[in-house]
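Each residue of the sequence shown is one higher than the last, beginning at 1 in UniProt numbering. Where a beta carbon is used, it is the ideal one built from N, C-alpha and C, also for glycine. Report on the structure given below.
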Amino acid sequence: MPPRRTSKGQKDIRSFMKSKDQSSCSDGTNTDKSEPSAAETSFQANVKEENADLKGEHLHQFKVKFKRTDRKTYTIDCDQPRSVLDAIKSHVNYKNMFQQVSDKNIIIQLGREDKATVIATHFPCSCIEEGECLIISQKQEQVEEIKQQHYQPVSARASYSVFYIDSLGGLNTKTKELFRSKAFRQYKYLCVYGVKGMTVEEAVNNDGRFVDDLGDFTLSDNENPDTLTNCKQRVDSLHHKEFKICLPLNKRENDEKGQESPGASSEAQHKRGPSAILEAAQQSGVSVKEVLEKRSDYNTEEVYKILREQFPELKKQMQSRFTGDSFQKALTLRKENFGKIQQSFSEVHRVRKLLDLGRSVCNLVIENECQGTGFVLFDNFILTNAHLFKKCVEGEKLPERINVFALFNYEEPEPQSKFYNFSCKKDLVDLDLDLDYAVLELNPDGRKHNLNSQKSKMTVPPGLLEIFGPVPQNGEACLIGHPRGGVKKMDPTCIIEKERREEAVLEHLNLYKDDPFVIKTIIKLISDQGIENIMMGGSKADDTATYNTFMYHGSSGSPVFDAHCHVFGLHSAGFTYEFTNNTHSVLEYAHPLLAIFENFVSKLRRKGDDKLLKRVEEKAKKNEYLRKVLEP
């Protein structure tokens, strides 16, 4: 639960807005059908005056800073009901500094507290406390949509319900962007207002800072997270309260699918010439043939002529790689390998052991950023991928606004799920982007989810450090992780030797042998992702283990086991592409855990962290591979 925002020396806007009459107003709607004035039809969501008498009674003051670092504050004399931004625009400094800035790029912070709360540009000035200080800033990107709202006359502040939306989302929001701009992540709350009688959904939609498609969301009370408010309910009872947005369980999965493809395709289709055909096909993830079938304004032969000119070398390579029945032989070999995998991982004792070791695997949630997988290294320390923290870590420390949770025993979907979680400490124990690993320490107090009993103490599962082993040259492997942030899954697979990686890629491309444009697009995408680095002669050819797996997004940080149930790899990434709105992967890879362990120990020695180093040595002494690393 976040702390209340009131601090010493700062008045709380909510105390100023309290009124004796907290009852709902009527359901009546404005039936005035007259045409609005020119000012009213502007795309700024301006708040209008109620009547002439209110003007005379309206005079009040607030302060504004035009730079966060500026020590000077300027007084705004507000003598008529209007939006906060319109009031600020009356000041000469705004005209000098922000005249060329669009309203949609403006952020207004409420209060002096560092990045605590922001309000919309159309926030009613009547809801600003006397003497309150606002800080105005601009962003390069759009932060607020300027759209026409329904006519809303300004009333006394008691007619409004003002509530606070946490910038960190609640349930099922980990992979969903809630706001139009990521700039709001640096603030604690977004202050939202609504006229009493309005629904939560209407208030959020009118705000302009939230994404359009939130769907049937709910609000969880920060003081009591089990108390939920549906978006169809009125705002009246939300006054002064703080909430997190929660989404339906299936919402985030739908949003992960390619939402921008139709728009991108549409834009490309408005261009002229054969190149537009190729661009439209590339952006929408369909074949050239499909695009041509939808468009009759271009010469088909001209388009395919371009493709043939671009692909002579690729065509020769594909033909030489798969001549005669060689492709069928390759498929037969892969089937034989898969049969070996099935045999190894169908033995009950092996499956039982993997399931037991899998207790150490957790779903790692970096709030409002991303999610991945991790596993217990030893004691309260977990290992995962460094790239999960690339956008939010400051050195080796997480900012206060970022919370990280490790969810264990997440093996059944909600509401049957009986997972429990631990929060992670803000200081990362180790972070290495080259080997793509991060070591985090869990806070000792765990919390159950969806269980009646709260008496038993939650303990961190055993670590996997003691069963680290080398990367096998070939043979079977098995990943355990949380793809897409869902329940824990296992994927038996097969090691692809470094000598066969190129062949594996070409085998995959052969699926599209009749559509050279698709092949070209895939090659460009995986080349841009650096696939050449893991091929023979590449800089990382000897430093990665490769395989195929269905576990894509959310599986980063999964442990990779060999046929003897030793864990040898930290699953890091794959070379992926989108096709027909689905994610496909050419090849996936893991970093060797022995190399990670060696680097981790080396850093502990350089830091002089003798206490932690001693504990590592104690846990590693029974493992012959780790003992070799620890030898001076």
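Taking 8 Å as the threshold, find out whether the segment 407 to 421 comes into contact with the segment 384 to 399 through three or more Cβ pairs.
-> no
What's the C-alpha gap between Glu-130 and Leu-59?
-> Residue mapping note: residue 130 aligns to position 130 of the sequence shown, counting from 1. Residue mapping note: residue 59 aligns to position 59 of the sequence shown, counting from 1. If I take the Cα positions, the gap works out to 10 Å.
Best match in Lys-489, Pro-492, Met-536 for proximity to Ala-504 [C-alpha to C-alpha] = What you label residue 504 is simply residue 504 of the sequence shown in a count that begins at 1. Out of Lys-489, Pro-492, Met-536, Met-536 has the C-alpha closest to the C-alpha of Ala-504.
Report buried or exposed for Gly-215, applying the criterion of at least 16 other Cβ atoms within 10 angstroms of its Cβ.
-> Walking along the sequence shown from the start, residue 215 turns up at place 215. It counts as exposed.
Contact check, Leu-219 vs Phe-243 under 8 Å by CB: the rounded distance?
-> As a first step, residue 219 must be located in the sequence shown, where it is residue number 219. As a first step, residue 243 must be located in the sequence shown, where it is residue number 243. Contact flag correct, Cβ pair sits at about 4 Å.
For Met-97, which of helix, strand or coil comes out of DSSP?
-> Residue numbering aside, residue 97 sits at position 97 when the sequence shown is read from its first letter. Helix at Met-97.
Assess, as a yes-or-no matter, whether the segment 603 to 621 is touched by the segment 556 to 564 under the definition of 3 or more beta carbon pairs within less than 8 Å.
-> no
Pull up the DSSP beta-bridge partners for His-571, would you.
-> Locating residue 571 in the sequence shown gives position 571, counting from the first residue. DSSP lists Ala-590 as partners of His-571.
Hey, how far is the Cα of Arg-615 from the Cα of Leu-442?
-> The residue you call residue 615 lines up with position 615 of the sequence shown. The residue you call residue 442 lines up with position 442 of the sequence shown. Using only the alpha carbons, I get a separation of about 16 Å.
Distance, Cα to Cα, Lys-426 vs His-591?
-> Position 426 of the sequence shown, counted from the first residue, corresponds to residue 426. Position 591 of the sequence shown, counted from the first residue, corresponds to residue 591. Their Cα atoms are separated by approximately 25 Å.
In angstroms, rounded to a whole number, what distance separates the CA positions of Asp-356 and Lys-489?
-> Here residue 356 corresponds to residue number 356 of the sequence shown, with the count starting at 1. Here residue 489 corresponds to residue number 489 of the sequence shown, with the count starting at 1. Each residue's Cα considered, the two are about 13 Å apart.
Helix, strand or coil: how does DSSP classify Lys-48 here?
-> As a position in the sequence shown, residue 48 is number 48, starting the count at 1. In this prediction, Lys-48 has a pLDDT of 42, which is less than 50 and means its spatial position is unreliable; what the coordinates show is noted afterwards. Looking at Lys-48 - three-state DSSP - the assignment turns out to be strand.
DSSP three-state call for Asn-474: helix, strand or coil?
-> Start at 1 with the first residue of the sequence shown, and residue 474 comes out as number 474. Asn-474: coil per DSSP, three-state reduction.
Out of Val-629, Cys-191, Leu-190, Phe-600, point me to the one whose CA is closest to Leu-433's CA.
-> Position 433 of the sequence shown, counted from the first residue, corresponds to residue 433. The shortest Cα separation from Leu-433 among Val-629, Cys-191, Leu-190, Phe-600 belongs to Phe-600.
Near Val-487, which residues of its chain fall below 8 Å by C-beta distance, leaving aside the five closest residues on each side in sequence?
-> Reading the sequence shown from its first residue, position 487 is the one you call residue 487. Only Tyr-410, Glu-411, Glu-412, Pro-413, Ser-417 meet the Cβ criterion.
Below 7 Å CB to CB, which residues in the same chain sit around Phe-378 once its five sequence neighbours on both sides are set aside?
-> Taking the sequence shown and counting its residues from 1, one reaches residue 378 at position 378. The answer, listed in chain order, is Gly-463, Leu-465, Lys-619.
The ligand ZN heavy atoms versus the CB of Leu-178: any closer than 7 Å?
-> In terms of ligand content, the structure shown is empty, and the ligand ZN therefore cannot be addressed.
The alpha helix (DSSP H) spanning Thr-521 covers which residue range?
-> Locating residue 521 in the sequence shown gives position 521, where the first residue counts as 1. Looking at the DSSP string, the run of the alpha helix (DSSP H) that includes Thr-521 is 516 to 528.
First and last residue of the beta strand (DSSP E) that includes residue 719?
-> The structure shown does not extend to residue 719, since the chain spans only 1 to 632, so no value can be given for it.
Please list, in chain order, all residues of the same chain as Phe-575 whose beta carbon is under 7 Å from its beta carbon, the five residues on each side excluded.
-> On the sequence shown, residue 575 is found 575 positions in, with the first residue counted as 1. Closer than 7 Å at the Cβ level, and outside the excluded window around Phe-575, lie Ile-526, Gln-529, Ile-531, Ser-585, Val-586, Leu-587.
Thinking just about the alpha-carbon of each residue, which of Asp-542, Asn-105, Ile-523 is nearest to the one in Glu-578?
-> For this step, residue 578 is matched to residue 578 along the sequence shown. Checking every option, the nearest Cα to that of Glu-578 belongs to Ile-523.
Tell me which same chain residues have a C-beta within less than 7 Å of the C-beta of Tyr-547, skipping the five on either side of it?
-> Working through the sequence shown from its first residue, we reach residue 547 at position 547. If we look at Tyr-547 and ignore the five residues flanking it on each side, its Cβ neighbours are Ala-477, Thr-493, Cys-494, Ile-495, Ile-496, Glu-588.
Go through the segment 141 to 182 residue by residue and report every complete run of the beta strand (DSSP E) that reaches 3 residues or more, in order.
-> 160 to 166
Cβ atoms of Lys-513 and Ala-541: under 8 Å apart, would you say?
-> Working through the sequence shown from its first residue, we reach residue 541 at position 541. Working through the sequence shown from its first residue, we reach residue 513 at position 513. Cβ distance not < 8 Å, so Ala-541 and Lys-513 don't count as in contact.
Local conformation of Leu-630 per DSSP, three classes = Indexing the sequence shown from 1 puts residue 630 at position 630. Of the three classes helix, strand and coil, the one that applies to Leu-630 here is helix, per DSSP.
For the putative contact between Asn-363 and Gly-485, defined by C-beta atoms under 8 Å, what is the C-beta separation to the nearest angstrom?
-> Translated into positions along the sequence shown, residue 363 becomes position 363. Translated into positions along the sequence shown, residue 485 becomes position 485. Confirmed, Cβ separation roughly 6 Å.
At what residues does the beta strand (DSSP E) containing His-508 begin and finish?
-> Within the sequence shown, numbered from 1, the residue matching residue 508 stands at position 508. From DSSP, His-508 is part of no beta strand (DSSP E) but of the alpha helix (DSSP H) over 501 to 509.
Rounded to whole angstroms, how far is the Cβ of Cys-246 from the Cβ of Phe-210, which I believe are closer than 8 Å?
-> If you number the sequence shown from 1, residue 246 lands on position 246. If you number the sequence shown from 1, residue 210 lands on position 210. Cys-246 to Phe-210, Cβ: 14 Å. No contact.
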